[in-house]
Amino acid sequence: MPKINCPNCKKEFVYQNIKELPNFPFCCERCKLIDLEAWLDERHRIEEPMTPEALSRIEKKGGENG
Numbered sequence: 003m004p005k006i007n008c009p010n011c012k013k014e015f016v017y018q019n020i021k022e023l024p025n026f027p028f029c030c031e032r033c034k035l036i037d038l039e040a041w042l043d044e045r046h047r048i049e050e051p052m053t054p055e056a057l058s059r060i061e062k063k064g065g066e067n068g
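The numbering used here puts the first residue of the sequence shown at 3, with every later residue one more than the last.
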């Protein structure tokens, strides 16, 4: 069964089907809301404009990690 760590609290959880996880990739509603609050408070932000070069870097990173 696949395992994932919550990006907020780092708790590991196991699931059989992604549909079982209404708060994916978070473990619970609380962690999802904490992350949303960070975006709204601008603690999470995208600091550079989305240029073709930046998009290319992001796509390459996704290929390495995925």
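Glycine included, every Cβ here is placed at the ideal spot set by N, Cα and C.
Computed from a predicted structure; not experimentally measured.
**Request:** Please go through the stretch 33 to 59 and give each complete alpha helix (DSSP H) segment of 4 or more residues, from N-terminal end onward.
**Result:** none
Figure out for me which residue from Cys8, Ile60, Ala56, Pro4 has the closest Cα to the Cα of Cys30. Within the sequence shown, numbered from 1, the residue matching residue 30 stands at position 28. Nearest option by C-alpha distance: Cys8.
- prompt: Per DSSP, what kind of secondary structure is Lys12 in: helix, strand or coil?
  reply: Here residue 12 refers to the residue found at position 10 when the sequence shown is read from its first residue. Looking at Lys12 - three-state DSSP - the assignment turns out to be coil, as it is neither helix nor strand.
Q. How big is the Cα-Cα spacing for Met3 and Phe15?
A. Against the sequence shown, residue 3 aligns to sequence position 1. Against the sequence shown, residue 15 aligns to sequence position 13. The alpha-carbon atoms of Met3 and Phe15 are separated by roughly 10 Å.
- Taking the C-alpha atoms as reference points, what is the distance between Lys5 and Tyr17? Counted from its first residue, the sequence shown places residue 5 at position 3. Counted from its first residue, the sequence shown places residue 17 at position 15. Lys5 and Tyr17: Cα-Cα distance of roughly 7 Å.
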